[in-house]
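>
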Amino acid sequence: MLVEMIKELLWLFVPLMMLSAFAGLGIAFYTMFKGWYFNALAATNISVLSMCLCLSLKKYLGG
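The sequence shown begins at 549 in the working numbering and counts up by one.
#1: In whole angstroms, what separates the C-alpha of MET580 from that of ALA569?
#2: Quick test of the definition: if touching needs 3 or more C-beta pairs under 8 Å, does the region 587 to 607 touch the region 557 to 566?
#3: Kindly provide the ranges of any beta strand (DSSP E) runs that are 3 or more residues long and lie completely inside the region 559 to 583, ordered along the chain.
#4: If contacts are defined as beta-carbon pairs under 8 Å, then MET594 and GLY572 qualify, I think. What distance do you get, rounded to the angstrom?
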């Protein structure tokens, strides 16, 4: 029962992580056009890590 409740709570984080990934890509493009290349690299890394975490969590939850 506790495992099922934890899985239901984890499903709430999947859309938030996807939103974080796309926001990170938006920040990366904005900072790249402004010329802040180190910030663009950091935002890209954050968005890629968030996307990978989201996909692995979705696979774990069976979705």
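A virtual CB, placed ideally from N, CA and C, is assigned to each residue, including glycine.
Taking the geometry as given:
#1: 16 Å
#2: In short, these stretches touch, since the Cβ pair count reaches three.
#3: none
#4: Met is not the amino acid found at residue 594; the sequence shown has Ile there. Contact check for ILE594 and GLY572: beta-carbon distance about 5 Å, within the 8 Å limit, so the pair qualifies.
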